[in-house]
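Accompanying notes for the structure given below.
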Amino acid sequence: MILAGEIATAEVLTDGRLDLGFGRGHSWLYPAAGLPYEVSQPRYVEGIELIMKSLTEENFSHKGYEYDVENVNVFPKLVQKDIPVYLTGTSGKSFHIAAENGWGISVGGPAPYAMFAPAMAEYREACANNGTTPLVSYIQPVIIAETQQEAEAQAKTAAEYFYHNIAKPILHLDQEGHRDRLLASGYGFYASNAMNQMMELTLEQIMEGDMVWVGTPEYIRQRVEDFLGKEELDEFAIQVMPRGEGGGLTFEQMLKTQELFGTQVMPAFK
Numbered sequence: 019m020i021l022a023g024e025i026a027t028a029e030v031l032t033d034g035r036l037d038l039g040f041g042r043g044h045s046w047l048y049p050a051a052g053l054p055y056e057v058s059q060p061r062y063v064e065g066i067e068l069i070m071k072s073l074t075e076e077n078f079s080h081k082g083y084e085y086d087v088e089n090v091n092v093f094p095k096l097v098q099k100d101i102p103v104y105l106t107g108t109s110g111k112s113f114h115i116a117a118e119n120g121w122g123i124s125v126g127g128p129a130p131y132a133m134f135a136p137a138m139a140e141y142r143e144a145c146a147n148n149g150t151t152p153l154v155s156y157i158q159p160v161i162i163a164e165t166q167q168e169a170e171a172q173a174k175t176a177a178e179y180f181y182h183n184i185a186k187p188i189l190h191l192d193q194e195g196h197r198d199r200l201l202a203s204g205y206g207f208y209a210s211n212a213m214n215q216m217m218e219l220t221l222e223q224i225m226e227g228d229m230v231w232v233g234t235p236e237y238i239r240q241r242v243e244d245f246l247g248k249e250e251l252d253e254f255a256i257q258v259m260p261r262g263e264g265g266g267l268t269f270e271q272m273l274k275t276q277e278l279f280g281t282q283v284m285p286a287f288k
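Counting from 19, one number per residue, gives the positions in the sequence shown under the numbering used here.
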């Protein structure tokens, strides 16, 4: 209920310019919080239901798997009549929920496009079966600079640092019994060896695998054009490699990537 109130406040403060996204979270978050994997899916589904009730209904009550509330009313009320909602994840199970409710999905990020293709196809099929319109948003990591040499120099530090560290929390899950439990809980991606392999990727492998696009505005513009020409997507967004204690882009470099994308790439697609 607190989160729903914070969402509503942000939506009002931005005059309705807020999209809402839900994700179940990385698998390693649950053991760290003292929760078994098996509760992640029902808690996730119920959490979405409760937040959406809070945002769209007046006084309501709810009795469920994890939460019980009675005669509550979240304030303030949304500016938008229908707030855009996206679900993210790596499994088709979550995307079925999106299809049933007429919501969009958001995919991409650190993993390559091919990894999401089966779940995206499942989502589109579920939309057709439910009579809803699919809405697919794709997020592509990019590093953009004035020259290719400069972009690759930034990526050598930023991209390798990112992939070498994003997978480290998965190491404590490499214990007997974890894989079967992850699979049973819908965490197939984390049960595979994909995350472990990310820790050993070189910049060349990252670029060849299309995990991060690295180059000049002209190069990135062409990549976007080619990508949108062959893939059925409704929205395209970029992700800028974050900075960590041991490496990554500087704040100025992150801003430069966004500036170059906004001024020299986006205008070609308006």
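Ideal Cβ positions, reconstructed from N, Cα and C, are used throughout, including at glycine.
In terms of CA proximity to T106, M138 leads the group D100, M138 and N91. Taking each of T234, F245 and P260 in turn and checking the Cα distance to T281, the smallest one comes out for T234. The stretch 207-217 and the stretch 77-96 do not touch, with fewer than 3 CB-CB distances between them shorter than 8 Å. The DSSP-derived three-state label of V92 is coil. The C-alpha of W46 lies about 6 Å from the C-alpha of I188. Shown here for P152: same chain residues with a beta carbon closer than 7 Å to its own, the five before and five after excluded, namely Y141, R142 and C145 in chain order.
In the structure shown, Y104 falls within a strand segment according to DSSP collapsed to helix, strand and coil. If you ignore the 5 residues before and after F134, its C-beta comes within less than 6 Å of the C-beta of V125, all in its own chain and listed in chain order. Put simply, the stretch 29-40 touches the stretch 92-111. At least three CB pairs are less than 8 Å apart. For A255, no alpha helix (DSSP H) run applies; the uninterrupted beta strand (DSSP E) run containing it begins and ends at E253 to V258, by DSSP. In summary, G41 is exposed, with fewer than 16 beta-carbon neighbours lying within 10 Å of its beta-carbon over all protein chains present. In the same chain as R199, and ignoring 5 residues on each side of it, the C-beta atoms closer than 6 Å to its own belong to Y55, in chain order. The alpha-carbon of K71 is positioned some 8 Å away from that of F78.
Apart from sequence neighbours up to five positions away, the residues of its chain that approach V103 with a beta-carbon distance below 6 Å are L38 and W121, ordered along the chain. The Cβ-Cβ distance between Q172 and L267 falls below 8 Å. According to DSSP, Y156 shares a beta bridge with V125 and F254.
Under the DSSP assignment, L189 falls outside any alpha helix (DSSP H); it carries neither an H nor an E label. DSSP, reduced to helix, strand and coil, places D37 outside both helices and strands of the structure shown, so it counts as coil.
The residue from H182, K186 and F93 with its alpha-carbon nearest to that of G23 is F93.
Going by beta carbons, A177 and M259 fall inside the 8 Å limit. Scanning its chain for C-beta atoms nearer than 8 Å, with the 5 sequence neighbours on each side dropped, one finds no residue around E226. Residue burial is scored here from C-beta neighbours: L73 has at least 16 other C-beta atoms within 10 angstroms and is therefore classed as buried. Put simply, of S58, G204, A209 and K288 the residue whose alpha carbon is nearest the alpha carbon of R197 is A209.
The three-state reading of DSSP puts H196 in helix, counting H, G and I together.
If you compare the alpha carbons of G82, L246 and Q59 with that of Y131, the shortest gap goes to L246. Within the stretch 217-251, the complete beta strand (DSSP E) segments at least 3 residues long are 231-233, listed from N- to C-terminus.
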